[in-house]
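Residues in the sequence shown are numbered consecutively from 1, following the working numbering.
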Amino acid sequence: KRDILMNEEWSNNSLIRKYGPQILKIRTHLLFDEKQEAYRYINDLIDSITNTAYSNSYDHTLLQSFKCILHIFRVFCNDCAGNDLKTAYKLAADLDNDILKAHTFRYAYFWNDCSLEKQLELLDTAYTIFLNNNIADHAIYCKNNANVTQFDTEKIYVREFDRLLEEAISNVPGLVGMSHIFNNTGVAYLVTGQPESSVEYFTKGVDYAHGQERTVQR
């Protein structure tokens, strides 16, 4: 709601008033998988923020936080880390902001020289941070990314996919990526030799996604 996103305290800050709506617009493009459109906005906005003057430490923190999120958005657009993930983590670390760090940990599979064990550790850390800050949707995405790593191993624990689905339905019933959770659960059943159950989950995923492809998605 507008009164939450642009409340009186925030609306009095010119930087939030200038950049907040633009960042929300980019996020909307990403939610609809309009990556090319978002990519152009992201590049322009990073340049604009970089060249924005600030007069106090609060505004500097805001600008650096905005840049961190935009670099994370660009990782999603490119489906690779490039220099963006490293830059985003450095910004988050410099700001000593656990939530921003957690957003970079979500992309643990893009981290350089990151073993599967380390990826799972980062994803679990991010999951805990998001839960502790009442950001349940991103917590679900972290656990989903952890589950998906099983498809690169010889052992699939279907029950872990079922538990995640139950958690998503219970805690975040309107989750944007709910179809991904259903589809990944369907894949887990399929590769463990349970095709009838997999079809059931694929069908539910399609109902949520209105015809979205039945593929493993992060």
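By construction, the Cβ of each residue, glycine as well, lies at the ideal position given by its N, Cα and C atoms.
Here the alpha carbons of Gln-194 and Tyr-39 stand approximately 40 Å from one another. Taking every protein chain shown into account, the CB of Gly-186 has 16 or more other CB atoms within 10 angstroms, so this residue is buried.
Bounds of the alpha helix (DSSP H) holding Ser-179 are 178 to 191. Burial is judged here by how many other beta carbons sit within 10 angstroms of a residue's own beta carbon; Ile-181 has at least 16 and is buried. The three-state reading of DSSP puts Asp-113 in coil, since its state is none of H, G, I, E or B. Using a 10 angstroms sphere on the CB of Asp-84, the tally of other CB atoms reaches 16 or more, which defines it as buried.
Taken through DSSP and simplified to helix, strand or coil, Asp-79 comes out as coil.
Scanning its chain for C-beta atoms nearer than 6 Å, with the 5 sequence neighbours on each side dropped, one finds around Ser-198 the residues Gly-186, Tyr-189 and Leu-190, in chain order. Of the candidates Cys-68, Met-178 and Asp-59, Cys-68 places its Cα closest to the Cα of Asn-97.
Excluding the 5 residues flanking it on each side, Ser-115 has no same chain C-beta neighbour closer than 8 Å. Counting C-beta pairs closer than 8 Å gives three or more between the region 39 to 57 and the region 22 to 31, which meets the contact rule.
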